[in-house]
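J.: Dropping the structure in here first, questions after.
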Amino acid sequence: MRLNIPQLFPSLLLLAVSSLGSSIATANDAGQNNDLLEQLNLEQYHGKVVYVDFWASWCGPCRQSFPVMNELQKTYGEDNFVIIAINEDSEPGAAKQFLEQYPASFTIFYDQDGELAKYFKVDAMPTSYLLDQAGTAKYRHRGFHQKDVAKLEQQIETLLSAQSFNAGPSNTSNSGDTE
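Sequence positions in the sequence shown follow mature numbering (1 follows the signal peptide of the UniProt record, and there is no 0) and run -27 to -1, 1 to 152.
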């Protein structure tokens, strides 16, 4: 069974963020010193492969995923590939402490009330979506396992090498397993 949101993901994410108002902010607003975006608008990433990751400071696998995401951002650069990580902690201090221990070389947003995670039915931490250049969610990942990094890299490379923004069907599923 396919997710209902893959092709509408950028618009839905933008709509959800817009409707949340002050409950979502960049990590700068949560006390971070990173050079981060002012607002979450996936339209500005049209033409890029985007990895959207929902995470929390209490999440053990998130501690393992941050160094990998830093390496992915370094490997694939920012010209054609972007990582956006959305923190789901209820207290900004927890996210700040996490980021002091596990710095991020990618954009962090803070979803204080967890409304964005609820909106996208995030039921595991971390949960991530890999979007193609047209903003279509092609893959959904639930959890993080080091053994799956090679598969994630293959998915990124496949999307980066796609000739068309509409290359192939979405491979997202309600089960959360990547295909």
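Just so you know, even glycine gets a beta-carbon here, dropped at the ideal spot from N, CA and C.
Under the rule that 16 or more other beta-carbon atoms within 10 Å means buried, what is K47, buried or exposed?
T.: Looking at its Cβ environment, which holds fewer than 16 other Cβ atoms inside 10 Å, K47 is exposed.
J.: Can you tell me where the alpha helix (DSSP H) holding A135 begins and where it ends?
T.: Taken as a continuous stretch (DSSP letters only), A135 belongs to no alpha helix (DSSP H), as it is neither H nor E.
J.: Where does S38 fall in DSSP's three states?
T.: S38: helix per DSSP, three-state reduction.
J.: Helix, strand or coil: how does DSSP classify F54 here?
T.: Here F54 sits in strand by DSSP.
J.: With F39 and Y75 assumed to form a contact (beta carbons below 8 Å), what rounded beta-carbon distance in angstroms separates them?
T.: So it is a contact: roughly 4 Å between Cβ atoms.
J.: Can you give, in chain order, each stretch of the alpha helix (DSSP H) that sits fully within the stretch 72 to 141 and has at least 4 residues?
T.: You should have 88 to 92, 122 to 133.
J.: Could you tell me the alpha carbon to alpha carbon distance between V23 and F71, rounded to whole angstroms?
T.: Their Cα atoms are separated by approximately 23 Å.
J.: Buried or exposed, going by whether 16 or more other CB atoms sit within 10 Å of the CB of S134?
T.: Exposed is the call here.
J.: Note down, in chain order, each residue of its chain lying with its Cβ closer than 6 Å to the Cβ of S(-9), except the 5 sequence neighbours on either side.
T.: With a pLDDT of only 37 at S(-9), under 50, the local geometry of the prediction cannot be trusted, and the value read off the model is given with reservation. Excluding positions up to five away in sequence, the list is empty.
J.: Please report how far the alpha carbon of A67 lies from the alpha carbon of N43, in whole angstroms.
T.: Answer to the nearest angstrom: the Cα atoms are 20 Å apart.
J.: Using only the alpha-carbon positions, how far apart do A29 and P99 sit?
T.: The alpha-carbon atoms of A29 and P99 are separated by roughly 7 Å.
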